[in-house]
Amino acid sequence: METAENRQDEPPIQTAPPMEAADDQVFTFPDLVAREFIAILLAMIVLSVWSMGIDAPLKAIADPNWTENPAKAPWYFIGLQEMLVYFDPWIAGVALPGLIILGLMLIPYIDPNPRGVGEYNFRDRKLAVSMFMVGYTLWFVLIVFGQFFRGPNWHFYWPWEDWSIAKAAEEQLVNIPSAFGYLLIGLYFGLGIGLPALLKRSFYKEVGAFRYLTTMMLILLMFGTIIKVVLRLFFHVKYIIVTPYFSI
Amino acid sequence: MKLKKITESAAWRSVFRHKLTDTPRNRSLAVTSNVFLHLHPVQMKASALKFRFTFCLGGLTLLMFIIETVTGVLLMFYYRPVPEYAYLDMKLIEHTVLFGMFLRNMHRWAAHAMVILVMLHMLRVFLTGSYKPPREFNWVIGVLLLVVTLLLSFTGYLLPWDQIAFWAITVGTKMAAATPFLGNEGPFHQLLNINQYNDMQFLLLGDNQVGGNALLRFYVLHCVLLPLVCVILMAVHFWRIRKDGGISRPL
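Here's what the structure looks like:
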């Protein structure tokens, strides 16, 4: 009969266990586990000291009749709240986050480039890395802007400015004339999708029509968002196209 | 020796299956006979151990999730998710519960840390091309985990029931009302007969403004539903790392 004793003294049933680590292989225990332990310890120390020193904020009890001004979203969503300045809520709050999530999920399927796995490699993945970094940076720039440069009524305030001094309402915003707006949007997406395919034929051939279209749409939407921000901030443009149902 | 007698007893050996002598066999058994360490492979490439490759970001995210679970469960002993008591309980946690303030701080700061770590982990995985075949689907799971992390943080934001919480969630859920077709202020909502009593915002809040129903919904989402979803997705995420050949290495 098998007992605890002889089970331990005999090698396990599996007959050829890796008795020595293979070439350039190391045992997880202790090489990795020790490192994990140190990382956990350091993280716990930092977090504990931080939690002893800095208290989580708690304001007055919730009061539906007393509006906070400005009422800011949690910091990770403040980029979207900042987008409300430039877009209608259905774009800033629903379409954009939806597209970001969808776009992120699509990345592995629209990037067929096999180079740069398992290493920090920019040289062989210039387009992918630069586009991702633009989006990633944009996210944080919007967060910083919304968190530190927006005051009452979501007006622009320098971080050192006094919020109690009211800011004048913004200049009158203008809409781009409808026909011109449609033309601009048409040109932007038409040229944006057409030109790279013509000029960089090799790229188009490499990824194929469907991947190319998806990639370019996501890139154009991202830069389109930035362009709308610039139009709004520096040219006081409210909408590029206006329809009875929605406006962009 | 007494100690030897204990470690050689049948009871001891029924729990600890191997000795501690440093042999390759015991190093393997340390991983395979432990359910938690068993998430790891027995051996791995030395290059995958480099701190500068992963910066431990994924693992630290998991650590934050565990800290959130432990501190969150402890906070649940003192917190009642109804408008009459929620804010009072926050004050009691801060001022009368032993280490209550520390507990709440830990829960809050680890939550922020988790969001930042998930984002940095995603950046690391992108820059090392670790989403490329055969790891495409695990990247998708990772994006879902990012969304769940944000939702966990967002639902937790309402629970203190203070002015920051109330107005942040009011602003946030107003977005749901702007959903095309499904929100009462979104484009084309007339097509589906959507009004403020049957739209997306109402589904989230259980009302058309932030109140008792919203607090209860966010509490259940925060403490039960989203953590469950998160655990399931994490299980798939970790399992797939193993199945897809461990963490990525140069091809």
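In order, the protein sequences belong to chains A and B. Under my numbering, think of the first position of the first sequence as 1, with each following residue one higher. Under my numbering, think of the first position of the second sequence as 1001, with each following residue one higher. Glycine residues also receive a C-beta, built at the ideal position from the N, C-alpha and C atoms.
By the criterion of a C-beta distance shorter than 6 angstroms, Thr1071/B is surrounded in its chain by Leu1103, Met1106 and His1107, once the five residues flanking it on both sides are discounted. In this structure the stretch 1048-1065 of chain B touches the stretch 1123-1133 of chain B; the number of beta carbon pairs closer than 8 angstroms is three or more.
Of the candidates Ala209/A, Leu106/A and Ile241/A, the residue whose Cα lies closest to the Cα of Pro196/A is Ala209/A. With respect to chain A, the C-beta atom of Gln1163/B has a partner C-beta closer than 8 angstroms. Asp1162/B has Ile61/A as its beta-bridge partners, per DSSP.
Gly93/A and Asp1022/B have their C-alpha atoms spaced approximately 57 angstroms apart. Only buried fits Ala1111/B, as 16 or more other CB atoms lie within 10 angstroms of its CB. Phe1188/B: not part of any beta strand (DSSP E); DSSP gives it neither H nor E.
By the rule that beta-carbons nearer than 8 angstroms mark a contact, Ala1214/B does not touch chain A. Judged by DSSP in its simplified three-state form, Arg1135/B adopts coil rather than helix or strand. DSSP assignment within the stretch 144-186 of chain A yields no whole alpha helix (DSSP H) run of 4 residues or more.
The three-state reading of DSSP puts Met1044/B in strand, counting E and B together.
Interface flag for Lys59/A against chain B is set, since a Cβ pair is found closer than 8 angstroms.
Secondary structure of Val237/A (DSSP, three-state): strand. For Val1035/B, no CB of chain A lies under 8 angstroms from its own CB, so it is not counted at the interface with that chain.
Contact between Leu1158/B and Leu1215/B holds, since their C-beta atoms are separated by about 6 angstroms, short of 8 angstroms. DSSP places Gln25/A inside the beta strand (DSSP E), whose first and last residues are Gln25 to Phe27.
In terms of Cα proximity to Phe1065/B, the closest of Lys1243/B, Gly1246/B, Leu1233/B and Pro1133/B is Leu1233/B.
Residues of the stretch 68-98 of chain A with a C-beta atom less than 7 angstroms from some C-beta of chain B are Glu68, Ala71, Lys72, Ala73, Pro74, Tyr76, Phe77, Gln81, Pro89, Trp90, Gly93 and Val94, listed in chain order. Linking Pro112/A to Ala60/A through their CA atoms gives a straight-line distance of about 53 angstroms. Comparing alpha carbon positions, the residue from His155/A, Val229/A and Met44/A closest to Leu1062/B is Met44/A. Judged by DSSP secondary structure, His1121/B falls within the alpha helix (DSSP H) whose first and last residues are Gly1100 to Leu1127. For the stretch 1036-1050 of chain B, residues whose beta-carbon sits nearer than 9 angstroms to a beta-carbon of chain A comprise Leu1037, His1040, Pro1041, Val1042, Gln1043, Met1044, Lys1045, Ala1046, Ser1047, Ala1048 and Leu1049.
Closer than 8 angstroms to the CB of Cys1056/B there is at least one CB belonging to chain A. Using a Cβ distance threshold of 8 angstroms, Pro1250/B and Val117/A count as a contacting pair. Ranking Asn1198/B, Phe1181/B and Met1001/B by CA distance to the CA of Gln1190/B puts Phe1181/B first. A Cβ-Cβ distance of about 38 angstroms is found for the pair Trp1167/B and Pro108/A, leaving them out of contact under the 8 angstroms criterion. For Gly181/A, the closest alpha carbon among the candidates Ile143/A, Leu218/A and Val237/A is that of Val237/A. Think of a sphere of 9 angstroms around the beta carbon of Ala1235/B: no beta carbon from chain A falls inside it, the nearest being about 18 angstroms out. Closest option to His1222/B, judged by alpha-carbon separation, among Leu1088/B, Leu1098/B and Thr1069/B: Thr1069/B.
Less than 8 angstroms separates the beta-carbon of Pro152/A from that of Asn69/A.
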